[in-house]
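J.: Residue numbers (our numbering), protein chains in the order written: chain E, 1 to 69; chain B, 70 to 442.
Below, the structure written as structure tokens:
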């Protein structure tokens, strides 16, 4: 699974993530099971891209996910 | 003197003293059945179409498939087109697309996860845990001993049980009574409370003794028939009911609108019924982004995930007489009641003008919101 962060055009804040190749957009909500799986999978090594499509290193990805609620 | 409802003579009311006794007539009880879409009527995602089953994916509303391997089963509403059992018009059907000889770490199940709020009164995890009875109708091309499991969401508690299908290709009524678990953690909030997994094949890692509560992550009783082991084998199920007590009572048919609303707490789909259906109304913020606030018909379990049809071929933004093909869609403000989404186009929109996300000459266009467990 490959994930890509999404930046809100209105606020400029990262507020969602998509799974590349799937028609899905996941909000950052701890009660959302897709969000729970996103965090689990990234921490387990799944690829995470920033909002511009650059692949984050595992360390960067872990740091980003670790800072989320 | 009590008022007696005897089911034949109506209500006799010599003098009402505040006591009502019901005889013969079973009064309607709200949410007697803790299973949602137990009659397999609601299929918002696929409208009766079948597909290959993938892990952690929902097909009929509220019914998920969970497995260690994808694409081994076909799954869909009324798959196989057999006659449903008396009193039902639909069933959840699976057949084996590619047989698997299960390894120790394999598991294949179809399941319903019940929200904690809807089982909070059962008191599971306490000394006052209530007994429940699960009933369902099942049909398979195989015969033998099959299995299912009551589980909690942390995969730490499980009650595997067996049931028998004696006649192949025949609907069989099953009823199982389970004494509630007095230990373990059983959520009573908006997360998963009780999960019931019907086993379709499992290895030794996920199998344990039937008929007793066990600590651990189990999806099957030891020795249960492996449906996935036989190419083309079928497994159909409907009329699923979970109720308090030690007796299976008649299936609790709910009005279609009620059942749909119950499902929409977990998934709702706005689907184009014509080629240019307007899916939601909003306003453009720039020449590239059109925003819609979508009032959901039911408050969802959690802020939902946005799902959608292929943007470039099925969705567009329409304002006045102009339309712009979509290039991307996303959720901006998450909400359990009124999420805000936006459609991005290449350019050309007029800013701050009312518009719509519409189907782009496509009857398969949709936006959906999912907060499944």
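Yeah, the Cβ is synthetic: ideal placement off N, Cα and C, and Gly gets one too.
1. Could you please give the first and the last residue of the uninterrupted alpha helix (DSSP H) stretch that includes residue 328 of chain B?
2. Between B:208, B:433, B:256, B:200, which has its C-alpha nearest residue 225 of chain B's C-alpha?
3. In whole angstroms, what is the alpha-carbon distance linking residue 315 of chain B and residue 215 of chain B?
4. Hey, out of B:213, B:345, B:217, whose CA is closest to residue 204 of chain B's CA?
5. In chain order, what residues of the same chain have a beta carbon less than 6 Å from the beta carbon of residue 136 of chain B, not counting five sequence neighbours either side?
6. Quick check on the DSSP output: what are the complete beta strand (DSSP E) runs of length 3 or more inside the segment 195-269 of chain B, in order along the chain?
7. Is the shortest distance between the beta-carbon of residue 32 of chain E and the beta-carbons of chain B less than 8 Å?
8. I need the DSSP call for residue 126 of chain B, collapsed to helix, strand or coil.
9. Just to confirm my understanding: we take residue 196 of chain B, look at its own chain, exclude 5 residues before and 5 after, and list those with CB closer than 6 Å. What are they?
10. On the DSSP bridge list, what partners appear for residue 394 of chain B?
11. For residue 53 of chain E versus residue 4 of chain E, is the C-beta distance shorter than 8 Å?
12. For residue 45 of chain B and residue 64 of chain E, I'd like the C-alpha separation in whole angstroms.
13. Might you give, ordered along the chain, the residues of its own chain that have their beta carbon closer than 6 Å to the beta carbon of residue 437 of chain B, omitting 5 neighbours on each side?
14. Quick one: what does DSSP say residue 61 of chain E is sitting in, helix, strand or coil?
15. Look at residue 105 of chain B and residue 311 of chain B and say whether their C-beta atoms are less than 8 Å apart.
16. Quick one: is residue 60 of chain E buried, meaning 16 or more other Cβ sit within 10 Å of its Cβ, or exposed?
17. What residue range does the beta strand (DSSP E) around residue 374 of chain B cover?
18. When you compare only the Cα positions, how much space is there between residue 399 of chain B and residue 410 of chain B?
19. Please tell me whether residue 120 of chain B has its Cβ less than 8 Å away from any Cβ of chain E.
20. DSSP puts residue 352 of chain B in a beta bridge; with which residues?
21. Quick one: using the 10 Å Cβ neighbour count with 16 as the cut-off for buried, is residue 162 of chain B buried or exposed?
22. Name the DSSP bridge partner or partners of residue 294 of chain B?
23. Taking Cβ positions only, does residue 335 of chain B come closer than 8 Å to chain E?
24. Would you give the residue range spanned by the alpha helix (DSSP H) that residue 43 of chain E belongs to?
25. Taking DSSP as the reference, what is the three-state secondary structure of residue 17 of chain E?
26. Thinking C-beta only, is residue 407 of chain B closer than 8 Å to residue 363 of chain B?
27. Tell me whether the beta-carbon of residue 269 of chain B lies closer than 8 Å to the beta-carbon of residue 230 of chain B.
28. Along chain E, in chain order, which residues have C-beta atoms closer than 7 Å to that of residue 379 of chain B?
29. Would you mind reading off the limits of the beta strand (DSSP E) that contains residue 339 of chain B?
30. Comparing the CB of residue 101 of chain B with every heavy atom of the ligand MN, is any distance shorter than 7 Å?
31. Short of 7 Å in beta carbon distance, which residues of its chain neighbour residue 388 of chain B, apart from the five on each side in sequence? Order them along the chain.
32. Could you work out which residue in B:115, B:404, B:358, B:133 is closest to residue 267 of chain B when comparing CA atoms only?
33. Do residue 442 of chain B and residue 184 of chain B have their beta-carbon atoms positioned less than 8 Å apart in this structure?
T.: This is what the structure gives:
1. 325-333
2. B:256
3. 21 Å
4. B:217
5. 124, 177
6. 201-209, 213-221, 226-234, 241-247
7. yes
8. strand
9. 251
10. B:385
11. yes
12. Any answer about residue 45 of chain B is impossible in this case: the structure gives chain B only from 70 up to 442.
13. In chain order, 338, 376 place their CB closer than 6 Å to the CB of residue 437 of chain B, counting only its own chain and leaving out the 5 sequence neighbours on each side.
14. helix
15. no
16. Label assigned to residue 60 of chain E: exposed.
17. 374-377
18. 6 Å
19. It does not: the Cβ of residue 120 of chain B has no partner Cβ on chain E nearer than 8 Å.
20. B:360, B:423
21. buried
22. Listed as beta-bridge partners of residue 294 of chain B by DSSP are no residues whatsoever.
23. Taking Cβ atoms only, chain E never reaches closer than 8 Å to residue 335 of chain B, which makes this a no.
24. 33-43
25. Three-state result, residue 17 of chain E: strand.
26. With respect to the 8 Å criterion, residue 363 of chain B and residue 407 of chain B are classified as neighbours on the basis of their beta carbons.
27. no
28. 23
29. 336-340
30. Among the components of this structure there are no ligands whatsoever, and the ligand MN is therefore not found.
31. 353, 418, 419, 422, 423, 424
32. B:133
33. yes
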